[in-house]
Every structure is written in structure tokens, then in C-alpha cells.
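What follows is a single structure, written as C-alpha cells, with notes after it.
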Amino acid sequence: MRSVSGDEVTVSRSAERSAENESTFRAANEGIEGKTSELVLSEQQPTPYLCECEEERCTTIIRLTLGEYESVRAHPRRFILAPGHESPQDRVVSEGERFTVVEKTGEEGRLVEAHDPRSSEFR
Ligand SMILES: [Zn+2]
């Protein structure tokens, strides 16, 4: 007999793992932003960011301006990926030459929102 509850645990763990992985990359990118904003950079100057896809070993660099990055980060469920790095369950928000913006859905969306470094700030 097949255990339905066992399957549910597996699915939820995998969503949690990819959410954590993506949140790690996003935290790294938050750090990049912190450093670059100390430099004298124009808003139009593209800054290197790490691809925020589910592949742990992906170190693809995407260049986008601080304004572009900020407009994506205004949404806790949205991530910036190198073109073609989206996973089948991602909802593609916009696709450009340099980067793709996706929105996480379902369980994963809920988890990444909970992991958002900005929503955990006590201010
Ligand atoms: Zn990637």
C-alpha cells in the first residue's frame, strides 16, 4: 500500500530545500547591494548579481541596474534568474535578454516569502 502522508512530507521537504537555497542566494545578493551602494555608482550602472535559480551550484552572473533589482525585490516572491534557468513551476513575470523574473507559487511561494530577509527586519 502506498503511503499518501509519506509522499506529502517528501514534496514539502523538497520545496523547503529549494526555498532555502534560493533564499541563500538572495541573501548573498542583498550583501552585494550593500557593498555597491557604498561606492559611487549611478542607478543606471549595471551591477553583477548571482542567478537566484534552484540549482545550488549555479554561479551565473546577471547584470542589472540597482533600479531593476529593486523593482523585482519589491515583491517577496519574485526572483531574478539567468535566461532559461526558471523551473517548470515558476510563473514567469518578465523575460528579457539579460535576465528572467519569476514568481514562486504555492508552497514554495509561501516559504520564500517567510524567508525574505527584508520581511524579518524589525523596524
Ligand atoms: Zn541559475
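Heads up: the sequence shown begins at 919 in the numbering used here, then just goes up one per residue.
Virtual Cβ for every residue (Gly too), placed ideally from N, Cα, C.
query: Continuous alpha helix (DSSP H) stretch holding R996: start and end; result: Not the alpha helix (DSSP H): R996 falls in the beta strand (DSSP E), residues 996-999.
query: Euclidean distance between Cα positions of G1027 and Q963; result: 30 Å
query: Secondary structure of E1004, DSSP reduced to three states; result: coil
query: For T942, three-class secondary structure by DSSP; result: helix
query: Opening and closing residue of the alpha helix (DSSP H) in which E986 lies; result: 984-991
query: Rounded straight-line distance, which links the Cα of Y987 to that of S941; result: 15 Å
query: Classification of A1000 by the beta-carbon crowding that lies within 10 angstroms, buried from 16 upward; result: buried
query: Near ligand 1: T942 beta-carbon under 6 Å from a heavy atom; result: no
query: Proximity test, E1021 beta-carbon vs ligand 1 heavy atom, cut-off 6 Å; result: no
query: The beta strand (DSSP E) enclosing E1013, as first and last residue numbers; result: 1009-1013
query: Neighbour-count burial assignment, V1020, 16 or more Cβ in a 10 Å radius; result: buried
query: Near ligand 1: T978 beta-carbon under 6 Å from a heavy atom; result: yes
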